[in-house]
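The structure under discussion appears below in the form of structure tokens.
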Amino acid sequence: MRKVVSYTAISLNGKIADSNGGVAWLDKIPNPDKSDFGYAEFYSEVEVTIQGNVTYDQVLGFDCEFPYKGKENYVLTRRNDLASDENVTYINTDPIEFIKGLKSESGGVIWVVGGGQVNTLLLSNGLIDEIRVFIMPVIIDDGIELFSENQVFVDLELSKNKVYDNGVVELVYKVKS
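Going by our numbering, the final residue of the sequence shown carries number 250, and the count climbs one at a time with no gaps.
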């Protein structure tokens, strides 16, 4: 059975993006050591990415090649007028059943890239196994929360914490069943 992981950088006040969906504020975080905060190691374990349509549009707006080439990439959407492209397959059927199916297969990590609605949907339905957050030493005015309007209590167990020299704090939680 695959593990589903939410791996996300957040502001101190829990935002994953600004009110326009932008993440340019991340570039303002000093990183003199050029640390990747364990990203390369994590990414090497990832076989599948899951994201919402807004997050995918944001990724396409980055000034670089699509960053998840070589992985199975799925975009959860309510729209049925989108055709899959070279980067992703759009999923407009029941997202819960789709993720359950992916999770039941053998293979590498399923990375929930975001955004807040997808994070909340999967967490509320017991489909996220681990939450890895990197708390950036910044507070942003307004924006998209890591989990929006979560309606269920979720019990977590801290399995790792690390403080980086630039003030970034990494927290890894296992979601208790």
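Quick reminder that beta carbons are idealized off the backbone N, C-alpha and C, glycines included.
These numbers were taken from a predicted model, which means no experiment stands behind them.
Which listed residue (the options) has its alpha carbon closest to that of residue i
i	options	result
Val127	Val77, Gly174, Gly189 and Glu170	Gly189
Val227	Leu196, Phe207 and Gly174	Leu196
Ile123	Phe115, Val148 and Tyr141	Val148
Thr193	Asp238, Gln224, Ser250 and Arg205	Gln224
Asp202	Glu230, Ile217, Ile208 and Phe220	Glu230
Leu219	Arg151, Ser250 and Gly187	Gly187
Lys142	Ser108, Thr150, Gly134 and Tyr116	Tyr116
Asn146	Asp136, Gly134 and Tyr129	Tyr129
Leu133	Val96, Glu222 and Val191	Val96
Val191	Pro168, Phe135 and Ser108	Pro168
Inter-residue spacing [alpha-carbon to alpha-carbon] between residue i and residue j
i	j	result
Ser284	Ser232	Examination of residue 284 is not possible in this model, given that the chain is present from 74 through 250 alone.
Asn153	Thr162	12 angstroms
Pro105	Val121	31 angstroms
Ile212	Tyr80	19 angstroms
Ile204	Gly181	16 angstroms
Asp100	Ile172	32 angstroms
Asp91	Gly125	16 angstroms
Asp214	Asp158	35 angstroms
Asn198	Glu170	10 angstroms
Asn234	Val245	6 angstroms
Val185	Gly87	17 angstroms
Ser221	Glu114	28 angstroms
Val206	Ser108	15 angstroms
Asp136	Trp98	15 angstroms
Ile89	Asp238	21 angstroms
Same chain only: Cβ atoms within 7 angstroms of residue i, ignoring 5 sequence neighbours per side
i	result
Lys176	Met74, Arg75, Val77, Ile183 and Leu200
Leu155	Tyr163
Lys144	Val119, Glu120, Val121 and Thr122
Gly32	Only positions 74 to 250 of the chain appear in this structure, which leaves residue 32 out of reach.
Lys249	Asp228, Leu229 and Glu230
Glu178	Arg75
Asn165	Thr150, Arg151, Arg152 and Asn153
Close-in-space but distant-in-sequence residues of the same chain around residue i (CB under 6 angstroms, 5 per side omitted)
i	result
Val139	The amino acid occupying residue 139 in the given sequence is Phe; Val does not appear at that position. Correct list, in chain order: Asn160.
Gly240	Pro210
Lys247	Glu203, Glu230 and Ser232
Ile102	Met209
Val236	Val242
Cut-off 8 angstroms between Cβ atoms - residues of its own chain near residue i, not counting five sequence neighbours on either side
i	result
Gly111	Glu243
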